[in-house]
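Enquirer:
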Amino acid sequence: MAKNIIIIGGGPAGMEASARLDALGYTVFLVEKEKALGGHLARWDRLFPEGKPAGPVLDSLVGNLGNTKVLLESDVLSLNRLGDSFRISLSSGVSVIADAVLLTTGFDLFEASKKEEYGYGIYDHVVTNADVEEFFRTGGDPRIDNPQRIGLVHCVGSRDEKAGCRNCSKVCCATAVKQACELKAKFPAATVYCFYMDLRMFGRGYEDLYLKAQKEYGIRFIRGRVSEVSERIDKTLQIKAEDTLSSTPLRVTLDLLVLMAGMRPSREGTKVAKMIHLATGDDGFLSSLDGFGGMQATSIPGLFVAGAATGPKTLPDTIAEARAAASLIHEYLQKS
Ligand SMILES: Cc1cc2nc3c(=O)[nH]c(=O)nc-3n(C[C@H](O)[C@H](O)[C@H](O)COP(=O)(O)OP(=O)(O)OC[C@H]3O[C@@H](n4cnc5c(N)ncnc54)[C@H](O)[C@@H]3O)c2cc1C
Ligand code: SF4
């Protein structure tokens, strides 16, 4: 008899693992709380470092799902062990018994309004990285109205003790550099500044993107944290910062401020983890067995994790983890 697997979270990690396990002949139930699959990928326009459109990447993940049973708009009401199996009950009234469970509940974007000093949700021309993706994807946002002076602030809600988020979100330096170039291409007369603490351009091709941003697009990189933003009567923004390389205090007037909101633990993912007594780390992300060979396993036999549920991650790393989890689940089910 085919064995059942439940995958909770229909983002890139959940879809990739579903496709792999479906192809191996398992009966896969993919549970997603939203109306559609895709997770955060469905919100992005183009992907760093090359600027590849996100749409076809998403379409290919969905297209590979095969016979996966997709359960949309399904909140998890309970998840518990039943001997060696697991039982899940969903808000739709569906209940499934499974031999293995994979948590791919992803991340939440940091709520930029929590950093009151930046004025997100208060000042007219302050937006987030996710808003910029939406602007390029849908073609319109009244807050982004032919800006001539644009500032991007790195590390918003990351590496910030005061905001309760010590971790680096890994993806937002590359996203900032990519968006700085895109905004410059869209508004060629604009001066574009990136205010950064450190530039963490660690991935393949990222350094080239950074060089291109400086040489081809003339993006101005300023090392320093923006301490304060205020709105003037004409709706322009006055920001205070310090150039920490030259120890010079700066005041810059901008027409648009973009906040690089970081990756936070998924609230809904944490709720499900609590139901099954899976621990979370000090950073709030789900705990795997260890950070080396046991990255996709957990302390609970038959329960696995993959993708941004265990910490900030790029898409290629997410997909690689999903494949690793699928292979581990296969191994586990062959033995059990
Ligand atoms: C602004 C920004 C831009 C980015 N751009 C890039 C880029 O250009 N290139 C790149 O490589 N990476 C990029 N990333 C990173 C990329 O978005 C992540 O690597 C990827 O989304 C992680 O996929 P995931 O499936 O683990 O999580 P998610 O995309 O967060 O998907 C998780 C899914 O699980 C669902 N879910 C959560 N809890 C439950 C529950 N209890 N029940 C049911 N469903 C649940 C959610 O609704 C969601 O659909 C970017 C990140 C940010 C913040
Ligand atoms: S990736 Fe860059 S912007 Fe994002 S938290 Fe790390 S250092 Fe800050």
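Per the numbering used here: the sequence shown = residues 134 to 469. Beta carbons: idealized from backbone N, C-alpha and C, even for Gly.
What is the C-beta distance between Gln484 and Leu461, in whole angstroms, given that I count them as a contact (C-beta under 8 Å)?
Expert: This structure gives no information on residue 484, because the portion of the chain shown stretches from 134 to 469.
Enquirer: Output the distance between the C-alpha atoms of Ala152 and His463, rounded to the nearest integer angstrom.
Expert: 13 Å
Enquirer: Let me make sure I understand the geometry here. Which of Ala231, Ser207 and Ser291 has the alpha-carbon closest to that of Ala330?
Expert: Reading off the sequence, residue 330 comes out as Met, not Ala. That would be Ser291, whose Cα lies nearest to the Cα of Met330.
Enquirer: Taking the alpha carbon of Leu154 as the point to measure from, which residue in Val310, Ala233, Ile355 and Leu419 has its own alpha carbon closest?
Expert: Ala233
Enquirer: Give the residues whose C-beta lies closer than 7 Å to at least one heavy atom of ligand 2, in chain order.
Expert: His287, Cys288, Ser291, Arg292, Cys301, Ser302, Lys303, Val304, Cys305, Cys306, Ala309, Tyr329, Met330, Asp331, Leu332, Arg333, Met393 and Gly395
Enquirer: Report the residue ranges of all alpha helix (DSSP H) runs contained in full by the stretch 235-274; include only those spanning at least 4 residues, in chain order.
Expert: 262-271
Enquirer: Quick check: is any heavy atom of ligand 1 less than 6 Å from the C-beta of Ala245?
Expert: no
Enquirer: Residues in the same chain with beta-carbon distance under 6 Å from Gly142, minus the five sequence neighbours each way, listed in chain order, please.
Expert: Thr237, Thr238 and Gly239
Enquirer: Using 6 Å as the cut-off, classify the Cβ of Phe268 as near or not near the heavy atoms of ligand 1, replying yes or no.
Expert: no
Enquirer: Going residue by residue through the stretch 271-334, where are the continuous alpha helix (DSSP H) segments of at least 4 residues, counting only ones entirely within it?
Expert: 305-319
Enquirer: What span of residues does the beta strand (DSSP E) with Ile366 cover, start to end?
Expert: Where Ile366 is concerned, there is no enclosing beta strand (DSSP E), given that its DSSP letter is neither H nor E.
Enquirer: Quick check: Leu422 and Ala442, are their CB atoms within less than 7 Å of each other?
Expert: Their beta carbons are not under 7 Å apart, which means Leu422 does not touch Ala442 by this criterion.
Enquirer: I need the boundaries of the beta strand (DSSP E) containing Lys202, first residue and last residue.
Expert: Here the beta strand (DSSP E) through Lys202 covers Lys202 to Leu204.
Enquirer: With 16 as the cutoff for other CB atoms within 10 Å, does Asp178 come out buried or exposed?
Expert: With a threshold of 16 other beta carbon atoms within 10 Å, Asp178 meets it and is buried.
Enquirer: Which first and last residues belong to the beta strand (DSSP E) in which Ala430 is found?
Expert: Per DSSP, Ala430 belongs to no beta strand (DSSP E) and is neither H nor E.
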